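Working notes for the structure below.
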């Protein structure tokens, strides 16, 4: 196979950071080449240079032996490099066809709708990316929107496809479909660069992997000849324990009891009569495909959404009608799914974010006046013990990386010494090191006899941590299985709504 | 410290650009810009008298600017400070002339308390509750309420209950005991200055040192995050508007008791509208508001003498403030320009290296 895209000694320096340090990459025709690395390893900087968004300080990029210098993405597109960003750049109100041709519409002032839709239909057939060109993008699922983005790239006659963290926003089924799409494209000989920090996906789909760490490319290996453990080690530069060690432990009294809970958002009932309990010293995992009511359920337990009917009982007290503040002070901590929208006030300093839940209580405040020293000391302590970087307590939360933002939330919620911690997607978008750290903290709470309700879309996370696993589908709890015995197949079936036969 | 300097950068650059554009306008219309600006400056700061008047007209700007800033900080775009100013003025003047036999300090205090509460309720009840309960847009409601207040004032002094006997549409003069004494005689500068400065300190303390301020700012920067933090978001929206109105009402009260001493029939004071610009230029920083209020006050007082000395119409100062608003609103463009500039430099050095 001939080399298609070659990158030699590419270096990019930002003020104070060496983002890419003599990076090398070789993409062959017709291969899926994964770039694997932790958050902040320099993956994004690299692809942005390939795509012309950044200009390298030194080094070279060549396509089919021809050296390239892009000063804008437009030139990269012309050269045949196409990129699908993690966050889509689509206009929801326009149709699929309109979105694809936007910016390089054929014809002049008159927009030829029928003709364009036909072109897009042909294109989608050619690349096996089935989609209805006349559908409105706003009505499509995330997975289909991504398909539109990929088609957009091919409409512009791309010869190389770069996918930046393409699975981050997808449901497991959509990931599956994306992988099929990638494989079909490979059959057609289109080389793909696949950026990810998820080991299993990289292992499944790629032909070769280039691992990046701290701005450097540390190794390029054949995927078939390596193990996830080896890749993980290359990624973080140290031995990583992939298996969680969880000592057996008997659960104590119930801390949280949910009885026949119904939650509605707008007119739609998202949770339709769910009952379960979470006990002291156990991690209760709630598995389910995104959009099946798990997050509405959690919001109703924490008081962010009102319950339509049913009861929420916390340590023997009915808190169904209590407000968020009362539930928080009673001992419920909550790591929300969306850290930007709920978990942090991004324009606040870390000091303020660290006390977001308890700012009005002693020792942080008294008689309505905030105590700066106590707040700063608290921030110093948490920032130190949770290794939040940068270690500047007056930094603005917005300027932290995703992993460190999540650490701020985790630090705040765990340090409150809650009786119940609800963690919704606590490791979403984080790298191996941070994931491990968060898992350790959850296990620590469990060991201390606290109750943990873990809601996650990642089955592996649920399976490795939970003592009991509840599966939610379409707002109903399908079953509660003991963590050690549940198999991936069982859970998968339940998640798609297939009831298991009664055992025994 | 660095943050303070960075905060000063945008307003200063905006002011400088606006002044330069003002110069070009003067040159184009055949005036001498240096002479005009010199006249403007000396008209604003040139003598004790001028300086006192500049500071005097900064007082209502500081107070109503603080009001707007508190609203902005809590995400409530209260642009009806003008109306709240008039509500405060009416209440203060009414207490000022109708209540008799109180000792001075008490009389002033009573007038101020009533004025601030009235103005606070004016902003808090209708716009505040409409926002909190039905999500009505504050910009619209405060603006509408503003016109109601302005015309209410007109009615009060034109054959309304507050009109003085006679033919001129104005209210009776307030009692001597309700007058805030002058700081410098024969100028407009009263002890109200210290009320304004105290208000700056109080607002700063409130916003940044109290749990109330924490709540207001949290609601202002992320309502969902505030809800998650256990804050009663609608309540603090209403409260933000109430406090905001209170300060605008205080501006009216201090102006009435310290300077005007009676209500006249005037369509607007302009203070409530300029207050928006004052808060914007200061980026809602209470201490910055002192400076930006002084700046706009100087433009207003200096503008008159500029017109007398150099013949440049005083309206030119409106042009300058307009440009400043425009530049501040466009400040998001600055990073873009900076980026382009850097790219340009990069290319230049690259070519140099080859």
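Protein chains in written order, with the numbering used here: chain L, -11 to 492; chain F, 11 to 364. C-beta atoms are modelled at their ideal positions from N, C-alpha and C, and glycine is treated no differently. These numbers were taken from a predicted model, which means no experiment stands behind them.
Continuous alpha helix (DSSP H) stretch holding residue i: start and end
i: residue 153 (chain F); result: 148 to 167
i: residue 503 (chain L); result: What is shown of chain L runs -11 to 492, which leaves residue 503 (chain L) out entirely.
i: residue 403 (chain L); result: 390 to 403
i: residue 258 (chain F); result: 243 to 265
i: residue 264 (chain L); result: Note, residue 264 (chain L): premise wrong, no alpha helix (DSSP H); beta strand (DSSP E) at 256 to 267.
Residue i vs residue j beta-carbon contact at 9 Å
i: residue 302 (chain F); j: residue 80 (chain F); result: no
i: residue 105 (chain F); j: residue 259 (chain F); result: no
i: residue 163 (chain F); j: residue 96 (chain F); result: yes
i: residue 292 (chain L); j: residue 248 (chain L); result: no
i: residue 335 (chain L); j: residue 384 (chain L); result: yes
i: residue 262 (chain F); j: residue 125 (chain F); result: yes
i: residue 181 (chain L); j: residue 190 (chain L); result: no
i: residue 51 (chain L); j: residue -8 (chain L); result: yes
i: residue 257 (chain L); j: residue 296 (chain L); result: yes
i: residue 80 (chain L); j: residue 126 (chain L); result: yes
i: residue 200 (chain L); j: residue 24 (chain L); result: yes
i: residue 439 (chain L); j: residue 193 (chain L); result: no
i: residue 229 (chain F); j: residue 247 (chain F); result: yes
Residue-level contact to chain F via CB, residue i, 9 Å cutoff
i: residue 332 (chain L); result: yes
i: residue 336 (chain L); result: yes
i: residue 369 (chain L); result: no
i: residue 39 (chain L); result: no
i: residue 344 (chain L); result: yes
i: residue 466 (chain L); result: no
i: residue 290 (chain L); result: yes
i: residue 325 (chain L); result: no
i: residue 358 (chain L); result: yes
i: residue 340 (chain L); result: yes
i: residue 348 (chain L); result: yes
i: residue 313 (chain L); result: yes
i: residue 316 (chain L); result: yes
i: residue 253 (chain L); result: no
i: residue 411 (chain L); result: no
i: residue 81 (chain L); result: no
i: residue 353 (chain L); result: yes
i: residue 329 (chain L); result: yes
i: residue 99 (chain L); result: no
i: residue 143 (chain L); result: no
Any C-beta of chain L under 9 Å from that of residue i
i: residue 236 (chain F); result: yes
i: residue 248 (chain F); result: no
Coarse secondary structure for residue i, derived from DSSP in three states
i: residue 107 (chain F); result: helix
i: residue 347 (chain L); result: coil
i: residue 75 (chain F); result: helix
i: residue 158 (chain L); result: coil
i: residue 294 (chain F); result: coil
i: residue 142 (chain L); result: helix
i: residue 292 (chain L); result: coil
i: residue 117 (chain F); result: helix
i: residue 42 (chain F); result: coil
i: residue 491 (chain L); result: Confidence at residue 491 (chain L) is low in this model, with a pLDDT of 43, below 50, so its placement is unreliable and the value that follows should be read with caution. In the structure shown, residue 491 (chain L) sits in coil (DSSP, three-state: anything other than H, G, I, E or B).
i: residue 102 (chain L); result: helix
i: residue 47 (chain L); result: strand
i: residue 353 (chain L); result: strand
i: residue 316 (chain L); result: helix
i: residue 210 (chain L); result: strand
i: residue 70 (chain L); result: strand
i: residue 272 (chain L); result: strand
i: residue 196 (chain L); result: strand
i: residue 440 (chain L); result: strand
i: residue 272 (chain F); result: coil
N- and C-terminal bounds of the beta strand (DSSP E) containing residue i
i: residue -1 (chain L); result: -9 to 2
i: residue 54 (chain L); result: 54 to 56
i: residue 297 (chain L); result: 297 to 302
i: residue 182 (chain L); result: 180 to 184
i: residue 173 (chain F); result: Segment: none, residue 173 (chain F) is in no beta strand (DSSP E) and carries neither H nor E.
i: residue 247 (chain L); result: 242 to 253
Residue i: CB within 8 Å of a non-hydrogen atom of the ligand MG
i: residue 305 (chain L); result: Ligands displayed in this structure: none; no statement on the ligand MG is therefore possible.
Scan the segment 212 to 244 of chain F for residues whose Cβ lies nearer than 7 Å to a Cβ of chain L and list them as they occur along the chain.
Listed by position, the residues of the segment 212 to 244 of chain F near chain L (Cβ gap below 7 Å) are 219, 220, 221, 222, 224, 228, 231, 232, 234, 235, 237, 238, 239, 240.
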